[in-house]
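The structure appears right after this line, and notes come after that.
Protein chains: 2
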Amino acid sequence: MLATARGLSIGAFGAAAGVNVETIRFYQRKGLLPEPGRAYGTIRRYGEADVARVRFIKSAQRLGFSLEEIGGLLTLEDGRHCAEARTLAEQKLDDVRAKLDDLRRMESVLAELVERCDASRGTVTCPLIAALHAH
Amino acid sequence: MLATARGLSIGAFGAAAGVNVETIRFYQRKGLLPEPGRAYGTIRRYGEADVARVRFIKSAQRLGFSLEEIGGLLTLEDGRHCAEARTLAEQKLDDVRAKLDDLRRMESVLAELVERCDASRGTVTCPLIAALHAH
DNA sequence: CTTGACTCCGTACTTCAGTACGGACTGAAG
DNA sequence: CTTCAGTCCGTACTGAAGTACGGAGTCAAG
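As given, the protein sequences belong to chains S and A, one line each in that order.
Going by the numbering used here, the first residue of the first sequence is number 163, and it counts up by one from there.
Going by the numbering used here, the first residue of the second sequence is number 163, and it counts up by one from there.
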């Protein structure tokens with residue numbers, strides 16, 4: 163496993179972050195993860211910050227952000243170009259709020275559906291469809 | 163455009179639902195949309211229910227559901243197999259609530275980020291990463 | 001009854017997000 | 001010093017979700 167005080171090997175990193183080694187290399191190619199320096203030889207070492215970064219990517223993906231958008235979100239990290247960062251954050255905030263609205267509608271409909279599952283037998287119109295339809 | 167009282171042509175349907183004609187045919191192949199009967203000739207006609215269905219698919223996709231999952235959600239529509247439907251709905255409800263949690267965290271972080279954009283200049287750690295990291 | 005827009009259907013291509021593969025290399029353990 | 005799991009890198013493949021294309025058929029209007 164090659165896990166020493168110098169940091170995690172790519173294998174250990176992948177395991178820690180819950181992704182495949184190839185995925186890490188893929189993210190590096192995409193610029194989502196920095197290509198780490200190789201202070202101690204030709205094998206790359208990774209740290210906790212890298213693990214957090216991958217977990218962030220995965221979380222953001224589950225929320226429907228594309229890798230490209232996530233790349234944008236991650237540039238907010240550096241603190242520089244504050245004006246652009248703010249704009250990006252505002253756009254994303256709008257996205258997130260729209261998603262929240264949809265999900266809340268979805269939640270209430272699903273909850274209702276579960277609740278009165280037995281009561282409604284021959285209902286023809288789908289309450290789920292109706293819920294998202296009412297936009 | 164061939165839009166008559168008999169219903170919408172596939173082109174009009176696509177326009178009404180905000181998707182490409184090819185997408186409609188694709189959904190039909192996938193079984194997400196019923197292949198309509200051809201009561202009046204060889205050209206298929208569509209109605210409002212179809213439009214609602216496509217809009218539902220698009221909404222659900224924005225929430226991160228795959229077409230396969232959406233297929234599952236759409237089977238809840240028919241009201242039959244109530245036990246299975248209930249189980250499916252419950253699983254989806256869990257999914258939706260997990261997504262809501264993530265998004266709410268994301269929202270607060272983004273909102274905060276926008277707010278104190280000017281204040282935090284040289285902050286090194288990314289509050290966004292921290293927010294989703296804290297799971 | 002011809003024309004031209006639209007439809008039908010199959011097949012092929014594209015993008016996104018990985019996953020797999022294979023040959024060369026590295027480096028800790030025996 | 002050898003060995004062999006693990007790494008490196010490029011290239012190729014996969015699956016999901018469409019999108020594009022081309023030839024044949026249809027149908028409302030002129």
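Idealized CB from N, CA, C, for every residue including glycine.
#1: Tell me whether residue 209(S) sits in a helix, a strand or coil according to DSSP, three-state version.
#2: Between the alpha carbons of residue 226(A) and residue 224(S), how many angstroms are there, rounded?
#3: Mind checking residue 256(A): buried by the 16 CB within 10 Å criterion, or exposed?
#4: Run through DSSP, which three-state label would residue 169(A) get?
#5: Rounded to the nearest angstrom, what separates residue 252(S) and residue 198(A) at their Cα positions?
#6: Rounded to whole angstroms, what is the Cα-Cα separation between residue 272(A) and residue 235(S)?
#7: If the criterion is Cβ atoms closer than 9 Å, does the pair residue 238(A) and residue 250(A) meet it?
#8: Around the C-beta of residue 260(S), are 16 or more other C-beta atoms found within 10 angstroms, so that it is buried, or is it exposed?
#9: May I ask you to report which of helix, strand or coil DSSP gives residue 221(A)?
#10: Would residue 211(S) be called buried (16 or more neighbouring beta carbons within 10 Å of its own) or exposed?
#11: Work out the CA separation of residue 268(A) and residue 177(S) for me, nearest whole Å.
#12: Listed from N- to C-terminal order along the chain, which residues in the region 220-235 of chain A have their beta-carbon within a distance smaller than 8 Å of any beta-carbon of chain S?
#13: Pick out whichever of 215(A), 248(A) and 270(A) has its Cα sitting closest to the Cα of residue 254(S).
#14: From what residue to what residue does the alpha helix (DSSP H) around residue 230(A) run?
#15: Is residue 297(S) close to chain A? Criterion is C-beta to C-beta, closer than 9 Å.
#16: To the nearest angstrom, report how far apart residue 191(A) and residue 185(A) are at their CA atoms.
#17: Tell me where the alpha helix (DSSP H) around residue 183(S) begins and ends.
#18: According to DSSP, simplified to helix, strand and coil, what is residue 274(S)?
#19: State yes or no: is the beta carbon of residue 192(S) nearer than 9 Å to at least one beta carbon in chain A?
#20: Are there 16 or more other CB atoms within 10 angstroms of the CB of residue 169(S), so buried, or fewer, so exposed?
#21: Report all residues from its chain with a CB closer than 7 Å to the CB of residue 221(A); omit the five preceding and five following residues, and keep chain order.
#22: Considering only the alpha carbon of each residue, which of 213(A), 248(A), 218(A) and 181(A) lies closest to residue 275(S)?
#23: To the nearest angstrom, how far is it from the Cα of residue 266(A) to the Cα of residue 187(A)?
#24: At a Cβ cut of 9 Å, what residues of the region 170-197 of chain S count as close to chain A, listed as they run along the chain?
#25: So what does DSSP say about residue 176(A), is it helix, strand or coil?
#26: Can you tell me whether DSSP reads residue 195(S) as helix, strand or coil?
#27: Quick one: list the residues of chain A neighbouring residue 264(S), beta-carbon separation under 7 Å, in chain order.
Per the coordinate set shown:
#1: Judged by DSSP in its simplified three-state form, residue 209(S) adopts coil rather than helix or strand.
#2: Answer to the nearest angstrom: the Cα atoms are 7 Å apart.
#3: Label assigned to residue 256(A): exposed.
#4: Note: residue 169(A) maps to strand in three-state DSSP.
#5: Residue 252(S) and residue 198(A): Cα-Cα distance of roughly 43 Å.
#6: Each residue's alpha carbon lies about 10 Å from the other.
#7: Cβ distance < 9 Å, so residue 238(A) and residue 250(A) count as in contact.
#8: Residue 260(S) should be labelled exposed.
#9: Reduced to three states, the DSSP call for residue 221(A) is helix.
#10: That one is exposed.
#11: Cα-Cα distance, rounded: 25 Å.
#12: Per Cβ criterion, the list reads 221, 222, 224, 225, 226 and 235.
#13: 270(A) is the residue among 215(A), 248(A) and 270(A) whose C-alpha sits nearest the C-alpha of residue 254(S).
#14: Its alpha helix (DSSP H) spans residues 229-237.
#15: Low per-residue confidence applies at residue 297(S): pLDDT is 46, beneath 50, and the placement is therefore not dependable, though the value from the model is reported in the following sentence. For residue 297(S), the answer is yes, since a Cβ of chain A falls inside 9 Å of its Cβ.
#16: Linking residue 191(A) to residue 185(A) through their CA atoms gives a straight-line distance of about 10 Å.
#17: 183-192 is the extent of the alpha helix (DSSP H) around residue 183(S).
#18: In this structure, residue 274(S) counts as helix in the three-state DSSP scheme.
#19: Not one chain A Cβ lies under 9 Å of residue 192(S).
#20: Residue 169(S) comes out buried.
#21: Taken in chain order, the list of residues that qualify is empty.
#22: The shortest C-alpha separation from residue 275(S) is found at 248(A).
#23: Residue 266(A) and residue 187(A) have their C-alpha atoms some 36 Å from each other.
#24: Answer in chain order: no residues at all.
#25: In the three-state reduction of the DSSP assignment, residue 176(A) falls in the helix class, which pools H, G and I.
#26: Three-state result, residue 195(S): coil.
#27: Correct list: 221, 224 and 225.
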